[in-house]
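Down below is the structure, laid out as structure tokens.
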Amino acid sequence: MSGEPQLDKDLFFRRLKNVYASWQDAKNPEWGEPAVDAFCVLAGKPNGDDSGYRKSAIMQFYLLGFLEFPETLMVFTKSTVYVLTSGRKYAMLEAIQDGNATSDIKLELLKREKADGNKANYETLIKALQGSGAGKRLGVLAKENPEGDLVQNFLKEVEAAAFEKVDVSKGIEAALRVKASEELENIRWAAALTKKVFQLKFIEDMESIIDEDKKVKHDVLSAQIEGIYEDPSKIKVALSPEDIESCYSPIIQSGGTYDLRPSAQSSSSSLKFDVIIASLGSRYKGYCSNVARTYFITPMKSMERSYELLLDAQELCIAELRPGKKISSVVEKVTKFVESKNPKLAKQLTKNFGFGIGLDFRESSMLLAAKNHHVVQAGQAFNVAIGFQNIPLGDNRPKHLPETYSILLADTITVSADETKVLTKVPKAWGKIHYDIEDTDSSSKPSKESKKKVPTKVEAAELDDDDNGGAVSTRNNVLQSRLRDQQRALEGKETDQERRERHQAELMKRKREEAMRRLEEQSSDAVTGKRSDKHAIVAYKHPSQYPELRPRQVSVDMRHEAVIVPINGVAVPFHISTIKNVSKSEEDKATYLRINFHCPGVGGTLGKDASPALQAIVAQHPSLMFIKELGFRSTDAHNLNNQFRLIKELQKRVKQREQQEQEESDLVVQEDLILTRDRRVPRLSDLSARPHLSGRKTTGTLEAHQNGLRFTTNKNQKLDILYSNIKHAIFQPCDNELVVLIHFHLKHHIMIGKKKHRDVQFYTEVIESSQALDNRRRSMYDPDELDEEGRERALREKLNTTFKDFCQKVESVSERVDKTITFDIPYRELGFSGTPFKEMVLLQPTVHCLVSLTEFPFFITLLDDVEHVHFERVFFGSKNFDMVFIHKNFDVLPVRVSAISTQELERIKEWLDDIDICFTEGTANLNWKQIMATIKSDDRFYLDTDEDGVPKPAGWEFLKMDGSDDDEDGSDEEESEFEADGSGDDDDDDDDDDSDDSDSDVSLVDEDESSDAGSGDEDDDEDDGPTWEELENEARASDLMRHEKQAREEEESDDEHRKKNKKSKSSGSKHGGPPPKRRKH
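Quick note on numbering: the sequence shown equals residues 2 to 1082 in this note's numbering.
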């Protein structure tokens, strides 16, 4: 029947051949010295107490493909393998027996006979053993004692035949030591399962226990974790429970008593919040994986140093496990490394550093120990487990820590010819495995709630966390941790603002040092890099390449992009990129053609229209003579008209080509998408894409294939996005939004239509963005209204679940090709409104970005690329401010988000401080284009002295000086602000006149300095101010005098006046900022 398991014929005979090759290899002493003449693998009746790592079971798993045949005898001779079994097992083996035709090793089947008690079968097997080789040395599994009459009666026959028995357990290990590609794939799946169970079950349970201060026993927690293998759907793992199992009962240890051996057991004592060691192993189709991590609760600094040393030692051991290296040399190198760093801790190292892993959890012949001289081979898998046992702590330790503690790190790795790959990618950096728990006293409830433990560093939540209900406190802690590396302890009565200022000063100093190192690396790369001559201007390499020319006539060579002109009878070619423009005119029955060339102006610079290649040539040869223009005259207009048209056409073609090259300059040739055909493809239907593929909105289907995603529209248009090109993936639920969406920010641009894009979004609308409203008033208890709201809520929940499940499937698919994608979810509760483009939108932070994805164009700022943040227009009384993001790459212009409410300022500062981004604030908008040009030309920008040794602000400290001189006048401005609104509109013209006489030098700060001039004197005259009638007379007289003055002015001064006035107004309107206060009379 189709539902019954079947054996893989090719796999059986291929692996059988591998076993015989190992057996017959004289270099393998594991099969005995000399090698045995034959060996047998005997499986008795099923016994629940038997270990799953019996060599007989492992051998059957290997040959039969994760199937175990109880009460089956397998006898291996030099040329034939005999199998004595019955029933369905016999039928399954019989179905693959036709593989004997192509195999050197034959399969011979014997069927159990109850009538004679299998005497005939035993005689056949004994004769086969005696006829194999010398027929004396028989390999057996000495440590196994299978039960059942079938096996026991056969062993009696073996005893009677007086064979010399040799244990071949290590020989079977040697045969299975190097794994085939499908075996390594199974180990990778087992490691992925281990990672999921560890992160989604153990870590979440541990954090919940710490959050809620529960008392849970180690063995109870271990049993809960092991229960996941019976129903893996609890952690959203779509694997059959029949294919998976736990390698051992998870080992959870804490409280100062630690056993780092794989055979350790979880005790019945309660989990302590000190040092927690967790070990977990999973099997997939019989293949094993293992991981172990150590977690620290409010640790000491010495514990961090010990952990970092162990982490470095484990990474060194993993890096050294390469094909051709002896295990003993690897262990020796790691041991010497630890001894050189800390001789005392070297004495606490575990006796071995791990072991080989596969179908057998612990391959003893591949123990990572100093006495093991086996050579590492490609295709092997290891469990690299290194630890420090019983490290003593001093008497000054905190009360919650034990006298001694241990550390254990374990990972499953595979060794290939190209690389050594870690499969169990559970985070192990110090920032991910330690928790700072703070005891906070509550003055209002000093009794039972006087001390409340608050974990301040928790692992980031997975995508499938529940968004509502249950784990509110865990959700809050996870939210807190994803936006900060660790919560900093308050010092005494230090306020939040003082703590933030102190941290910002330290952070700015550290950022300056990092920036200086980064600039040094960039400068060294620039020196060693070679200049590309791809766009060098070359029309002809030799005159022989000239086309056929008519004497003394202008001609255009479209192929070589050159214009050939006669100069003193000699044909001289000019590349089209050297020509600025061309004009033609007719006069006195003659046609004139004038060609203007790009010529350096003042300072040796060319215009904006000059190509980069031409600018580079001019920069290389600044002292040469340049032709500015050439003129040609002809009484025959035919040729000049034709060449004029050709020059224009050639300029147009070259410009279009250069634009296209510039568009495609940062495009990267991507590999082809590999479609998944042998399994169900994760799919989302009825999606819309932005930007549109065909210029108008279309719907389609998004599928996750082997190495990328494919979006196919209803018109069969295709868009491929590879996992390797995705830099950030974001899933935004439709809670309080009009759409539910998946957004991809790419590493390299891709072409969509005729434009390149770096952001692609797929979304589904929940409700229409606009709805028709009628004049009818509807009751809040209207049943139709309630039904509509209920349908909308159900639709939102359904869409959120569907998109979330798709994201999880994409993550699992990407893990298979080692291009792991993790979807971030924006934190709406941390969002704030601002205007990055033309309209106000909600900006929401994620782990790595600040985004606004609902409206197009998208706004995405990568926080890892941000060097500094500056707040503009921050002064007393302002209702909003601007926020400028300055990038680490100074060639990228800063990004401004304007019109942010002042009420959000403190919250944004706290967020930036938590994610270690420096910030400053000022009262004015700045001209960032000019500032960045100045910074790029300043080699000492990050230093605190100039070239003469004079102290100066280092780095972005100069932004703190903006507006500091105005603090003293703040009170006067506040008093006069209300009364300034009463002045007439005519006073604006007086201010304009005064601004003409002010300093016209370009300033980095766009503000009207003259607007506040004389404000102090005006306040002194406030009591004797003029009446309204006097003000009107004064304004009328001022207007008359101004008109008479303007009539007498010359035209040039009048034009100059209008230009200055226009420039002043445009500058003020462009940069915003506080309006100038009107002058009182």
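Beta carbons: idealized from backbone N, C-alpha and C, even for Gly.
Annotation for Thr855: no beta strand (DSSP E) segment contains it, and DSSP assigns it neither H nor E. In the DSSP assignment, Gln546 falls outside any beta strand (DSSP E) and carries neither an H nor an E.
In terms of Cα proximity to Val885, the closest of Asp99, Phe645, Ile901 is Ile901. Residue state for Arg1037 is assigned as helix, using DSSP reduced to three classes. The beta-bridge partner set that DSSP reports for Leu703 consists of Leu685, Phe712. Val159 and Lys79 have their C-alpha atoms some 18 Å from each other.
If only complete runs of 3 or more residues are kept, the stretch 18 to 69 shows the beta strand (DSSP E) at 39 to 44, in order along the chain. Residue state for Tyr123 is assigned as helix, using DSSP reduced to three classes. When DSSP states are grouped into helix, strand and coil, Tyr828 belongs to the coil group. The Cβ-Cβ distance between Ser271 and Val217 falls below 8 Å. Shown here, Asn640 sits in a helix according to DSSP, grouped into three states. In terms of Cβ geometry, Phe598 and Leu685 do not form a close pair [threshold 8 Å]. Rounded to whole angstroms, the gap between the alpha carbons of Glu738 and Glu69 is 54 Å. Cβ contact annotation for Asp361 (same chain, cutoff 6 Å, sequence separation greater than five): Tyr54, Ile59, in chain order. Between Phe203 and Ile226, the beta carbon gap of about 6 Å places them in contact (Cβ cut-off 8 Å). For Phe882, the beta-bridge partners assigned by DSSP are Ile901. With a threshold of 16 other beta carbon atoms within 10 Å, Ala22 falls short and is exposed. For Asp313, the enclosing alpha helix (DSSP H) begins and ends at 302 to 321. CA-to-CA, the gap between Asp589 and Phe645 works out to about 19 Å. In the DSSP assignment, Asn582 forms a beta bridge with Asn597. Taking Ile887 as the centre and dropping the five residues before and after it, the same chain places the C-beta of Glu868, His869, Pro895 closer than 6 Å to its C-beta, in chain order.
Apart from the 5 residues on each side of it in sequence, Thr836 sits with its Cβ closer than 6 Å to the Cβ of Ser899, Ala900 in its chain, given in chain order.
By the Cβ criterion, the stretch 161 to 171 is in contact with the stretch 127 to 134, since at least three pairs of Cβ atoms, one from each stretch, lie closer than 8 Å.
Assigned with DSSP and collapsed to three states, Lys756 falls in strand. Nearest to Gly632 by alpha-carbon distance, out of Pro567, Glu659, Val655, Ser624, is Pro567.
Val335 has its alpha-carbon roughly 13 Å from the corresponding atom of Pro344. Bounds of the alpha helix (DSSP H) holding Cys808 are 784 to 817.
A residue is called buried when at least 16 other Cβ atoms come within 10 angstroms of its Cβ; Phe857 does not meet this threshold and is exposed. The Cβ-Cβ distance between Leu694 and Gln718 falls below 8 Å. In the assembly as shown, Phe804 is a buried residue. Its beta-carbon has 16 or more other beta-carbons within 10 Å. Per DSSP, Ala614 is one residue of the alpha helix (DSSP H) stretching across 613 to 621. Beta-carbon to beta-carbon, Ala386 and Phe354 are separated by about 7 Å, close enough to satisfy the 8 Å threshold. Close CB contacts of Gly380 within its chain, under the 6 Å cut and outside five residues either way in sequence, are with Val179, Lys180 (chain order). Here the C-alpha atom of Pro552 lies approximately 50 Å from the C-alpha atom of Asp892. Cβ atoms of Leu960 and His871 come within 8 Å of each other, at about 5 Å.
For the set Pro428, Asn391, Ala955, the Cα lying nearest the Cα of Ala293 is the one of Pro428.
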